[in-house]
Each structure stands twice: as structure tokens, then as C-alpha cells.
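To start, the structure itself, in C-alpha cells.
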Amino acid sequence: MRSVQATESLKPDHVPEELYRDIDIHHYTAELDDPYKAGERLLQGPDIFWSPMAANGHPGWVLTRYQHIMEAYGDPDHFSSERSDLAAMGVQWKLNPLEFDPPQHHKYRRLLNPMFSPKSVAEMEKPVCDVCEELLAPLLQQGRCEFIGDFAEKFPSYIFLDLMGMPRSMLPDFLEWERLLLRAEDPRQRAGALLSVIGFLDKFVDEQMQNPTTEVMRGIVTAEYEGERRLTKEEIMGMVTLLYIGGLDTVYSTLGWIFRHLAENPELQTELCDNPDKIPAAVEEFLRLYPVAMPHRRLKADLEFHGVKMKKGDYVLMATFAAHRDPDSCDHPHQFDMSRRPRHFTFAAGPHLCLGVHLAKRELRTVIAEFLQNCNNIRLVEGEAFDYHTGGTWGVDRLMLEWDPA
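So in the working numbering, the last spot in the sequence shown is 427, and the numbers never skip.
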């Protein structure tokens, strides 16, 4: 615990004493055997509070209530995504369109939407199933696996790499760079990982601009901004880097939490196996219970938000892990209930709804269906450790599973 004098020096003048909580969100969520239990603890305090370490070393406001976060997502005029998280590392372009606000965000997003529309994603059904079967087949013979390394990391990554035309052989490097970029506490490690990512993508984009090898890359390098000009290399780098970050981490992180839950609830396995039409609803409920991202915004102007006076430039963390367990948003929020109406923003909301939401849900549905069709009584291996991480994304690091033949 910091001294009173140190605490005072970390509290800005506009933050009331009663709204200051001297906690590091990253470490606070890693103290228990389940980080999502931290959300319940946060909800016992102020709905909105200031943390000296809200996320990634940033002090800022933390929103914990469902309705507050939904309002913030719908108000980009105040809660802005206009930033460049990479600028501190010497990068001159932005993650595109994530780090732009409307209307510029819409102009870039419009170029990418057709590639990840429900129609386009429906056409990916066969390649998604093929990758799932390719990875699952050797595991079925073993009757057990380390689910994260043997399957979850590889499955969405192979799909992404194939879509982009990137080599599968580099996946170990890609995952290590991603891990350091999103989770390392040492800024020097994050910077080094970013340099590695940019070094690879710089050459990749040059090659694709000359000779695009997939439909996605062809769509990006031939897209016209406002129908007037081709995208610059910097704009393309921003898009490809954003797709890289999202494509390699989000789904595999979610799969870890889903399969830990399934392994601890055999009756749910039976219900979904016998009623595969319920899998889409189950996916929505898993996404509510186990959000993996920690999104944030910056205040564009001074604002009084639900009685809290915020200042222009303040950092605002959306604590989705708490908001999804908010008892004001749904009954019995800690219980899995796939009969409830989908009510989550795991893929954000408003203008910044995740571009890959349709593909991600298809991937999750496919994996659940294939495992339950081929494996009976999926369970945790007794005596094996369960490891997880929090930070920029929340994920399971190690999950030993075993099962009986179907």
C-alpha cells in the first residue's frame, strides 16, 4: 500500500477523495482464482472511481456499471477513441479505424465492412470447419490435450493468417509478439514487440500492395477513400496492424474461458450436444460472462457524467468484467443462463462495434459444436494447474482437458 503522501500526489485536484481508490486494476483482478470475481468486488464500491493505475500504467476513471458504459459507447463526442496508443513508441500512423472518431471512422470502416459482413462470413463456413477438424483430429486419438497450446491459439490464428495471406510457420513468433505487446508490464518489452510486428508487416504490406494474394488484402489495397484515391501505405499499415492484433488474440482468449466453464459443467455439455440449436444462445451468454477486452476512451471535453466531474483528456476505462455482472443489468448475473436476452458489449457497442464480430461468433459456435460432437464428458485433468492472465486482454494460459470417446 502506498503512503498517504504518495497517494495524495497521485490524485488529481478534480477527483473527490471519496471517488479515489488506490488500486492497480491489473493486479487487483489477478488476486483471485477467477479474475471475474474482481468485478463483484468493484461493484461494492463507487459506480465510477479514479484509479492511479487504471490500465497499462494509465491513471483514470473506471466505469463499472452496465448502463454507464453503454452510454459512454454511444457518446463518441465526449468519450473519444481518437488517439494513437502507438505514438509513444514512435509510430506516426493510427490503428485504423479503431483510433478514429466519426465521421472519419465511418469512412474507413465502410471500406472494411463488406469483407466481414454476415454474408461474407457465411461463405467462410467451410474453411472455418476445415481448420477446426484439422486441429481436432489428432487430439481425438489422444483423449486429452493442453487446450490452449494444442488448439485454442492455433484455430483462430490459422483462419486469420489464411485470410490475410500470412505464413502459418511464423505463428509462434506472431503469438509471442502479441503476448508482449498486449500484456507485458515493461514498456521496453512492449516497444520491442511492436518493432518486431511492424518490421514484419511493413514488408508484408509492400508485397501485398504490389501483388495481393487474398481477397481481404485485395480489398484493402484496392480500396478507395471516399471514392477519390487509393489508401496510403500508412493507412493500410493501420488497418492491417489492427486486424493482426484482433485476429490473433480475442477468440483464443474467449475459447479458454468457455472450455473451462464447459469442463466444470457436464450437464451443460449434454444439453448443448443434444440441442445444438442452443449453441448460438450459449455463445452469447459465454460472451457476457467472460469478456476478454479492457476498452478505454479519452474525454474530448470537460463533462459531468452521472454526478462525476471529469476533465478533458481524462482516461476512462470500461470495466466490462464488472458491468456484465451488474445486478441492475440482469437477474442473477453470475449464473450462466442462455435463455436470457443477449445483453453484453464484449465486442464493444455503438460506432466501434467490433469489425470481426460475425466471424468470431461463427468460430466459437463451430468449436463448441465440433468438440461436443466428438468428445464425451470433457473435464479438467485432475492435479493440473489452471493459469490465466489479465491486462489488455484476459485469457487462459494453460488448460489441461481430457474426455471420453463419443
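Note that CB positions come from ideal geometry on N, CA and C, so glycine has one too. On a predicted model such as this, the values are computed, not experimentally measured, just so you know.
Range of the contiguous beta strand (DSSP E) that encloses Trp278: Locating residue 278 in the sequence shown gives position 257, where the first residue counts as 1. Run containing Trp278: none in the beta strand (DSSP E); it sits in the alpha helix (DSSP H), 254-284.
Can you tell me where the beta strand (DSSP E) with Glu325 in it begins and where it stops? Counting from one through the sequence shown, the residue named residue 325 turns up at place 304. Segment 324-326, the beta strand (DSSP E) holding Glu325.
Buried or exposed: Asn232, going by 16 or more other Cβ atoms within 10 Å of its Cβ? The residue labelled residue 232 in the question sits at position 211 within the sequence shown. Around the beta carbon of Asn232, a 10 Å sphere encloses fewer than 16 other beta carbons of the protein chains shown; the residue is thus reported as exposed.
DSSP state of Thr414, grouped into three classes? The residue labelled residue 414 in the question sits at position 393 within the sequence shown. In this structure, Thr414 counts as strand in the three-state DSSP scheme.
How long is the line joining the alpha carbons of Phe357 and Asn395, rounded to whole angstroms? For this step, residue 357 is matched to residue 336 along the sequence shown. For this step, residue 395 is matched to residue 374 along the sequence shown. Taking the straight line from one Cα to the other gives about 23 Å.
Reducing DSSP to helix, strand and coil, say where Arg23 ends up. Position 2 of the sequence shown, counted from the start, is the residue given in the question as residue 23. Model confidence at Arg23 stands at a pLDDT of 43, short of 50, so the residue's coordinates are unreliable and nothing is read from them.
Alpha carbon to alpha carbon, how far is Pro80 from Met74? Give it in angstroms, no decimals. Numbered from 1 along the sequence shown, position 53 holds the residue referred to as residue 74. Numbered from 1 along the sequence shown, position 59 holds the residue referred to as residue 80. Their backbone Cα atoms lie some 5 Å apart in a straight line.
Sequence-distant residues of the same chain with beta carbon closer than 8 Å to Val354, five excluded per side: Numbered from 1 along the sequence shown, position 333 holds the residue referred to as residue 354. Checking the displayed sequence, the identity of residue 354 turns out to be Pro instead of Val. These residues qualify, in order along the chain: His345, Arg346, Asp347, Pro348.
DSSP beta-bridge partners of Asp122: Reading the sequence shown from its first residue, position 101 is the one you call residue 122. Per DSSP, none; premise fails for Asp122.
Cβ neighbour criterion (16 or more within 10 Å) applied to Gly170: Taking the first residue of the sequence shown as 1, we reach residue 170 at position 149. Exposed, because fewer than 16 other Cβ atoms sit within 10 Å of the Cβ of Gly170.
Cutting at 8 Å between CB atoms, please list the residues of its own chain near Thr414, excluding the five before and the five after it. Along the sequence shown, one-based indexing puts residue 414 at 393. Around Thr414: Leu203, Arg204, Asp270, Thr271, Ser274, Val313, Ala314, Met315.
Put Ser350 into one of helix, strand or coil per three-state DSSP. For this step, residue 350 is matched to residue 329 along the sequence shown. Residue state, collapsed to three classes: coil.
Below 8 Å on the Cβ atoms is my contact criterion, and I expect Ile180 with Val152 to pass it. Report the Cβ-Cβ distance as a whole number of Å. One-based indexing of the sequence shown puts residue 180 at position 159. One-based indexing of the sequence shown puts residue 152 at position 131. Going by Cβ atoms, the distance from Ile180 to Val152 rounds to 5 Å, so yes, they are a contact pair.
Gln210: beta carbon under 7 Å from a heavy atom of the ligand SAH? By its list of ligands, the structure shown contains no ligand whatsoever, and the ligand SAH lies outside what it can speak to.
If you draw a straight line from the alpha carbon of Arg281 to that of Glu245, how long is it in whole angstroms? Here the question's residue 281 lines up with position 260 in the sequence shown. Here the question's residue 245 lines up with position 224 in the sequence shown. In a straight line, the C-alpha of Arg281 is about 44 Å away from that of Glu245.
Going by alpha carbons, who is nearest to Lys220 out of Asp43, Leu184, Val261, Glu206? Reading the sequence shown from its first residue, position 199 is the one you call residue 220. In the sequence as displayed, the identity of residue 220 is Gly instead of Lys. Closest by alpha carbon: Val261.
Evaluate contact between the segment 366-385 and the segment 399-414, counting only Cβ atoms and requiring at least three cross-stretch pairs below 8 Å. no
Return the Cβ separation of Gly277 and Val417 in integer angstroms, given the expectation that the two are a contact with Cβ distance under 8 Å. Taking the sequence shown and counting its residues from 1, one reaches residue 277 at position 256. Taking the sequence shown and counting its residues from 1, one reaches residue 417 at position 396. Rounded, the Cβ-Cβ distance is 3 Å, consistent with contact.
What's the C-alpha gap between Gly201 and Ala303? Within the sequence shown, the letter at position 180 stands for residue 201. Within the sequence shown, the letter at position 282 stands for residue 303. First, the amino acid is wrong: residue 201 is Leu here, not Gly. Rounded to whole angstroms, Leu201 to Ala303 spans 31 Å at the Cα level.
Please determine if the segment 120-129 and the segment 88-102 are in contact, where contact requires at least 3 C-beta pairs separated by less than 8 Å. yes
Sub-8 Å separation of Leu264 and Met185 beta-carbons: Within the sequence shown, numbered from 1, the residue matching residue 264 stands at position 243. Within the sequence shown, numbered from 1, the residue matching residue 185 stands at position 164. Yes, the pair counts as a contact, with Cβ atoms nearer than the cut-off.
Counting pairs of beta carbons, one from the segment 36-47 and one from the segment 62-77, are three or more of them closer than 8 Å? Yes, since at least three Cβ pairs between the segment 36-47 and the segment 62-77 fall closer than 8 Å, the two stretches touch.
Please report the residue range of the alpha helix (DSSP H) in which Tyr87 lies. Residue 87 sits at position 66 when you count from the first residue of the sequence shown. Its alpha helix (DSSP H) spans residues 87-94.
I think Lys333 touches Leu320, with their Cβ atoms under 8 Å apart; what is that distance to the nearest whole Å? Translated into the one-based positions of the sequence shown, residue 333 becomes position 312. Translated into the one-based positions of the sequence shown, residue 320 becomes position 299. Indeed, because the Cβ distance is near 5 Å, the residues count as touching under 8 Å.
Terminal residues of the continuous beta strand (DSSP E) containing Ala406? As a working mapping, residue 406 is identified with position 385 in the sequence shown. Run containing Ala406: none; DSSP gives neither H nor E here.
Status (buried if at least 16 other CB within 10 Å, exposed otherwise) for Lys140: Taking the first residue of the sequence shown as position 1, residue 140 is located at position 119. Its Cβ having fewer than 16 others within 10 Å, Lys140 is exposed.
Alpha-carbon to alpha-carbon, Ala427 and Gln163: Locating residue 163 in the sequence shown gives position 142, where the first residue counts as 1. Locating residue 427 in the sequence shown gives position 406, where the first residue counts as 1. Going from the Cα of Gln163 to the Cα of Ala427 covers about 13 Å.
Among the residues of its own chain, which have a CB less than 8 Å from the CB of Glu2, if the five just before and after it don't count? In the structure as shown, the chain starts at 22 and stops at 427, and residue 2 therefore has no counterpart that could be examined.
Counterpart residues of Gly81 in DSSP-defined beta bridges: Counting from 1 along the sequence shown, the entry for residue 81 is found at position 60. Paired residue(s): Ser72.
Would Asp335 be called buried (16 or more neighbouring beta carbons within 10 Å of its own) or exposed? As a first step, residue 335 must be located in the sequence shown, where it is residue number 314. Classification for Asp335: buried.
Run through the DSSP bridge pairs and tell me what Leu320 is partnered with. Residue mapping note: residue 320 aligns to position 299 of the sequence shown, counting from 1. Per DSSP, Phe100.
Among Phe176, His47, Arg131, which has the Cα closest to the Cα of Arg383? Taking the sequence shown and counting its residues from 1, one reaches residue 383 at position 362. Cα-wise, what sits closest to Arg383 is Phe176.
Could you check the C-alpha separation between Pro297 and Leu63 for me, to the nearest Å? Counted from its first residue, the sequence shown places residue 297 at position 276. Counted from its first residue, the sequence shown places residue 63 at position 42. Taking the straight line from one Cα to the other gives about 36 Å.
So if DSSP puts Ala314 in a beta bridge, which residue, or which two residues, is it bridged to? Here residue 314 refers to the residue found at position 293 when the sequence shown is read from its first residue. Residue pairing by DSSP places Ala314 opposite Thr414 in a beta bridge.
For Trp114, which residues from the same chain have a beta carbon less than 6 Å from its beta carbon, with the 5 sequence-adjacent residues on both sides left out? Here residue 114 corresponds to residue number 93 of the sequence shown, with the count starting at 1. Exclusion of the five residues before and after Trp114 leaves Glu255, Met258, Gly259 as the residues of its chain whose Cβ lies within less than 6 Å of its Cβ.
Give me whichever residues DSSP pairs with Val152 in a beta bridge. Position 131 of the sequence shown, counted from the first residue, corresponds to residue 152. Note: Val152 sits in no beta bridge, so no partner.
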